[in-house]
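Going down the list, the protein sequences come from chains A and B. Take 406 as the starting number for the first sequence in this note's numbering and just add one per residue. Take 406 as the starting number for the second sequence in this note's numbering and just add one per residue. Ideal Cβ positions, reconstructed from N, Cα and C, are used throughout, including at glycine. Here the structure is a predicted model, which means the values were calculated and not measured. I have placed the structure first, in the form of structure tokens, so that the comments after it can refer back to it.
Number of protein chains: 2
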Amino acid sequence: MKISLLAGVLAALPCALAVWPIPQTFVEGSSNTQVYWVSISTQGDVGPIVANAVERYRTIINRESFLAPADYRRGELPTSGTFGGLTVSVDSTDETLGLDTDESYTIDVPVDGAATLRAKTPYGAVRGLETFSQLVTANGAGKAIAKTPIHIADAPAYPHRGLLFDTSRNFYSVAAILRTLDAMAYNKMNVFHWHIVDAQSWPVESRAFPELQTRGAYGPTMTYSYGDVQRVIEYARARGIRVIPEFDVPGHTYIVGESHPELMSCLNKQPGWDQYAAEPPSGQLNIAKPESVAFANKLIDEYTKLFTDEAFHIGGDEVNRKCWAEDPDVVKHMAENPGEDVEFLLTRWYSQVHDHLDQTGKTPYTWEETVFHSQYVPSSKTIVQAWLSHDSVVNAVGKGYRVVSSSYEAYYLDCGHGAWLSNWDGNSWCDPFKTWMHIYNYDIAANITDAAQRKRVLGAEVAAWSEQTDETVIDPRLWPRAAAMAETAWSGKADAAGHVRTTAEVASRLHEQRFRMVARGINAEPMQPLWCARNPGSCNLPQQQ
Amino acid sequence: MKISLLAGVLAALPCALAVWPIPQTFVEGSSNTQVYWVSISTQGDVGPIVANAVERYRTIINRESFLAPADYRRGELPTSGTFGGLTVSVDSTDETLGLDTDESYTIDVPVDGAATLRAKTPYGAVRGLETFSQLVTANGAGKAIAKTPIHIADAPAYPHRGLLFDTSRNFYSVAAILRTLDAMAYNKMNVFHWHIVDAQSWPVESRAFPELQTRGAYGPTMTYSYGDVQRVIEYARARGIRVIPEFDVPGHTYIVGESHPELMSCLNKQPGWDQYAAEPPSGQLNIAKPESVAFANKLIDEYTKLFTDEAFHIGGDEVNRKCWAEDPDVVKHMAENPGEDVEFLLTRWYSQVHDHLDQTGKTPYTWEETVFHSQYVPSSKTIVQAWLSHDSVVNAVGKGYRVVSSSYEAYYLDCGHGAWLSNWDGNSWCDPFKTWMHIYNYDIAANITDAAQRKRVLGAEVAAWSEQTDETVIDPRLWPRAAAMAETAWSGKADAAGHVRTTAEVASRLHEQRFRMVARGINAEPMQPLWCARNPGSCNLPQQQ
Chain A
406 MKISLLAGVL AALPCALAVW PIPQTFVEGS SNTQVYWVSI STQGDVGPIV ANAVERYRTI
466 INRESFLAPA DYRRGELPTS GTFGGLTVSV DSTDETLGLD TDESYTIDVP VDGAATLRAK
526 TPYGAVRGLE TFSQLVTANG AGKAIAKTPI HIADAPAYPH RGLLFDTSRN FYSVAAILRT
586 LDAMAYNKMN VFHWHIVDAQ SWPVESRAFP ELQTRGAYGP TMTYSYGDVQ RVIEYARARG
646 IRVIPEFDVP GHTYIVGESH PELMSCLNKQ PGWDQYAAEP PSGQLNIAKP ESVAFANKLI
706 DEYTKLFTDE AFHIGGDEVN RKCWAEDPDV VKHMAENPGE DVEFLLTRWY SQVHDHLDQT
766 GKTPYTWEET VFHSQYVPSS KTIVQAWLSH DSVVNAVGKG YRVVSSSYEA YYLDCGHGAW
826 LSNWDGNSWC DPFKTWMHIY NYDIAANITD AAQRKRVLGA EVAAWSEQTD ETVIDPRLWP
886 RAAAMAETAW SGKADAAGHV RTTAEVASRL HEQRFRMVAR GINAEPMQPL WCARNPGSCN
946 LPQQQ
Chain B
406 MKISLLAGVL AALPCALAVW PIPQTFVEGS SNTQVYWVSI STQGDVGPIV ANAVERYRTI
466 INRESFLAPA DYRRGELPTS GTFGGLTVSV DSTDETLGLD TDESYTIDVP VDGAATLRAK
526 TPYGAVRGLE TFSQLVTANG AGKAIAKTPI HIADAPAYPH RGLLFDTSRN FYSVAAILRT
586 LDAMAYNKMN VFHWHIVDAQ SWPVESRAFP ELQTRGAYGP TMTYSYGDVQ RVIEYARARG
646 IRVIPEFDVP GHTYIVGESH PELMSCLNKQ PGWDQYAAEP PSGQLNIAKP ESVAFANKLI
706 DEYTKLFTDE AFHIGGDEVN RKCWAEDPDV VKHMAENPGE DVEFLLTRWY SQVHDHLDQT
766 GKTPYTWEET VFHSQYVPSS KTIVQAWLSH DSVVNAVGKG YRVVSSSYEA YYLDCGHGAW
826 LSNWDGNSWC DPFKTWMHIY NYDIAANITD AAQRKRVLGA EVAAWSEQTD ETVIDPRLWP
886 RAAAMAETAW SGKADAAGHV RTTAEVASRL HEQRFRMVAR GINAEPMQPL WCARNPGSCN
946 LPQQQ
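Rendered as structure tokens:
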């Protein structure tokens, strides 16, 4: 009982600033401020993004009556001042959102009177509003801000803090996507990498090739119209989240064959698909056919317009040589053109498609295989997405490319769920399950010491591949694990004193964030028994302390 | 395209009987029967259980318009007869539900006219109604029963097909429990093993010791009143599901110490809990104190009345010797009574508590440690729950005990989710994740050849330990994997011809069951991309075929 009572006493103290992700710098006081009603106003011209965000957070904060699990026995905080509203101002109303967007902000909450949130851009203000919403806690019948006066100065460690969302293996409603964008905003994530099509289905409308959707969507209700896409983009932008679409070519394209078999190689080889693709159904655009270049480039023309972000992901992962080597058109081409083998054709294909994408003015993203496993050399403005190992990050920055890490070793949220091929009682290739602790401990910039190279590490992305995931399970598959990545990408691995944060230190704060997300309608999964969340430090392994 | 079209053609054929779990014997015809409206009537006296089940299934079937994913391209079935209603009759209206309850039934659906469901007991009729509900499929604007005439004769392979549900590590609302009971009924599972209390919280009301709940529940809204328990029991019984409560003693009882520290040993040792318990917080009933026997027996008196099933689970897993060896009372007792060491005290404690439980007339369940890791010898009517390995099943039946297998190697649904101690970036002790294929391939009676011993294997239980699970995630954690176990426990491992069913053979039918469960409001997780569900056999590993 003694220890239990002690835990109760500790829990009764107002906790230190518990914002997730933790701000770069903050100073907290020892008073508490009573909050009767959260009024938020703007100073000067702030633009529609900020105006909307103010509305949104006013609703969230006034509706919310959140108490962290570790504070469950906390009595009412004694307050010595009254909150006098929050005033938001921005230096610029430029609502351009991209890799260079400044997301910094400062917050000052006095013990008594008006608080201020200042940002350079509208998106900095959006981040600051999320931080401010996490400062307000339930207190008796009302609310309070603990540990005032508070000063926060914050900015992200990395400019790309993403989530890859796969809507092809299984379909997700627009509502599920919007809910996911909300959850991303709660964690200051800023890139929704929409892996919108893959081999299994083509949910998105195409006006250039309507048959892709009519033949390739899982059904008439399992589609994204132009209007749906625009809605997702606008909803994301309002939260400072970029939507980077991926149209993965030339592999992972079986579904194109449902309407355009003439463009394809090795279409749905059965049985024996495993010799032609990483997963069923097999099928790749036919690199011997100029029509497949024209097809890809017409898609690029269409979708670089529909998707307004400065970046565009052209895929390029897991292409299979055997698929082409056995293709009759490729075989014929090689016979007629000595020396022009699969590698030659693939390199030419890449150059024709990547050149076209470059000409649209977009920043291309491509999977690491394009750089490391082909002879093609993408333009220097290309951003490489590494996934096969941390070495890929090191190698990409070494080659002068900018890189985003979604290393499967840490960031593949689908892993550890066992294999999914019907006749195999085995594990998945990327076991084990990536725990939040494992994700949190991962360092995307490990072993990169050169400052210029380090700067080319743009950030991290968790990936929610959807072979075993759909709308029924997406929330707990993503959260709170994606939040663990989000903190390391926003706050960095170390605090201002250079101390690398440990999972034991941050667990209580992540519990708080998880319960906050649940209170906001996101079905984030529990990290531990509630007893552990309420008794910080009591569920650690002693030998590791 | 050729192969894809072929798959379409195959999918257009009405599928073979797709009931999950598959009936022991069934004969199907080659006609299809039109269903305009599902009327279900009863013949003779059937009793309230059947009358309620008829109401329930009439609603389910008429509301449902379910088409299996593999049938998505199927045209309207040509029908050559019209369904004339289902008539349900039972040989006996005895509503006693227990291990010996006969769950057999027969169903006959002619091409034209009235169908019949006959059962020996009301619970056989409940099982048959579930089967019948799965025969009805969407057909154009209406419904149909495919492959008539149909004759089914069915009965379970094992009498105990259970789910362990842990409401202590994290809390579940009554609504979540009722939804889970619905899902169990959809899979003909018949035992809800309610692991209702454990170290972390004591949600259930006690009238003998009200302080257990008031001090031990996670909060006033996270409780089960007597009325809640009775509601769960009645809801389960209506679905032919027994509720076997577990009050785990003497280990896993920290929470008793919140109100009765005087009964406890090694209460919440911090740090260093790992020397005293399998997980935090540590704490065991003090075996040196007669008061702890009196306490346990008073709980038995109370809860054997509240929980009306013929069986009662008394726990007994993972007791820690060091916890007692260092306890001052135990040390004192040993000093004063030479020879009466921890093993002696534990054996005496077990005998005083088990004898008391035996005297209530209940059938005791206990975890295998009581039999294998203590010197106590439970009465022969005790049912052993094995979990540490398949050898435990073999050994238990060898000792003459009846046994239920919840081997962690196959049936621990929480496993493979990584460790949950805040400061450890590692896996869980019971990795990897148990896939439905792994669960399906497991044989609880493997290597038991003696007929009498084999008969003592009563069945199987999947376990949903809740350290990393609560209401946000329970549906996908349980389903469809629990359904995989359910089929092996109801239908057995082999068909009538002795052929052991393979996961490749049953995958399509389990997909159908998964989507049916989703249609019925259970958030079962997807097994594969929808493309695989729609194209049976296309997502197998070729080498394994």
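Bridge-paired residues (DSSP) for residue i
i	result
B/D571	B/H600
A/R939	Answer is none; A/R939 lacks a bridge partner.
B/R547	Note on residue identity: the sequence assigns Gly, not Arg, to residue 547 of chain B. In DSSP, B/G547 forms a bridge with B/N544.
A/S435	According to DSSP, A/S435 bridges with nothing at all.
B/F471	Answer is none; B/F471 lacks a bridge partner.
B/Q689	B/S670
B/W772	B/Q790
Residue i versus residue j: straight-line alpha-carbon distance, rounded
i	j	result
B/H657	B/V609	16 Å
A/I719	A/S470	44 Å
A/H778	A/W834	20 Å
B/E715	B/S785	16 Å
A/V579	A/T626	11 Å
B/V878	B/F652	25 Å
B/K839	B/W870	13 Å
B/T447	B/R644	17 Å
B/N977	B/S485	Because chain B here runs from 406 to 950, residue 977 of chain B falls outside it and cannot be looked at.
A/F694	A/W599	It should be pointed out that residue 694 of chain A corresponds to Lys in this sequence rather than to Phe. About 28 Å.
B/R479	B/I582	36 Å
B/M751	B/Y659	The sequence as given places Leu at residue 751 of chain B; Met does not occur at that position. Distance between the alpha carbons of B/L751 and B/Y659: 18 Å.
B/C381	A/A520	Because chain B here runs from 406 to 950, residue 381 of chain B falls outside it and cannot be looked at.
B/S812	B/C820	12 Å
B/M589	B/Q429	19 Å
A/V455	A/R647	16 Å
B/D517	B/I555	11 Å
Chain B contact for residue i (CB, 9 Å cutoff)
i	result
A/R574	yes
A/T536	no
A/Y629	no
A/S578	no
A/L935	yes
A/N544	no
A/N691	no
A/I408	In this prediction, A/I408 has a pLDDT of 36, which is less than 50 and means its spatial position is unreliable; what the coordinates show is noted afterwards. Yes, A/I408 counts as interfacial toward chain B.
Residue i at chain A interface by Cβ criterion, 9 Å
i	result
B/V878	yes
B/L422	no
B/S943	yes
B/L415	Any reading at B/L415 needs caution, since the residue's pLDDT is 38, under 50, leaving its predicted position unreliable; the model's value is listed next. No, no contact with chain A.
B/P931	yes
B/G624	yes
B/Q618	no
B/L818	no
- Members of the region 823-856 of chain B near chain A, C-beta cut-off 7 Å: Answer set for the region 823-856 of chain B: G823, A824, W825, L826, S827, N828, W829, D830, N832, D836, P837, F838, T840, M842, H843 and N846.
- Task: Output, in sequence order along the chain, the residues in the region 900-929 of chain B whose CB is closer than 7 Å to any CB in chain A.
- Result: Residues T907, T908, A909, A912, V923, N928 and A929.
- How do the region 626-641 of chain B and the region 660-680 of chain B stand: do at least 3 beta-carbon pairs fall below 8 Å, yes or no? Cβ pair count under 8 Å is below three, so no.
- Per the contact definition of three or more C-beta pairs closer than 8 Å, is the region 893-913 of chain A in contact with the region 607-627 of chain A? Under the Cβ criterion (8 Å, minimum of three pairs), the region 607-627 of chain A does not count as touching the region 893-913 of chain A.
- Message: Under 8 Å: do the region 914-933 of chain A and the region 861-871 of chain A share three or more Cβ pairs, one atom per stretch?
- Response: At 8 Å Cβ cutoff, the stretches do not touch.
- At a Cβ cut of 7 Å, what residues of the region 589-607 of chain A count as close to chain B, listed as they run along the chain? Of all residues in the region 589-607 of chain A, only Q605 and S606 place a beta-carbon less than 7 Å from a beta-carbon of chain B.
- Item | Members of the region 709-741 of chain A near chain B, C-beta cut-off 9 Å | Those would be none; no residue qualifies.
- Message: Along the region 656-684 of chain B, where does the CB come closer than 9 Å to a CB of chain A? Name the residues.
- Response: Those would be Y659, I660, G662, E663, P666, M669, L672, N673, K674, Q675, P676, G677, W678, D679, Q680 and E684, in chain order.
- Task: Below 8 Å between beta carbons is the criterion; list the residues of the region 862-888 of chain B that meet it against any residue of chain A, in chain order.
- Result: S871, E872, Q873, T874, D875, T877, V878, D880 and P881: these are the residues of the region 862-888 of chain B whose beta carbon lies less than 8 Å from some beta carbon of chain A, given in chain order.
- Message: Check whether the region 766-778 of chain B and the region 818-837 of chain B are in contact - that is, three or more C-beta pairs closer than 8 Å.
- Response: Not touching, per the Cβ criterion.
- Task: Report yes or no: do the region 737-746 of chain B and the region 790-806 of chain B share at least 3 C-beta pairs separated by less than 8 Å?
- Result: They do not touch, by the three-pair rule.
- Task: Check whether the region 842-854 of chain A touches the region 543-552 of chain A, taking contact to mean three or more Cβ pairs, one atom from each stretch, closer than 8 Å.
- Result: Cβ pair count under 8 Å is below three, so no.
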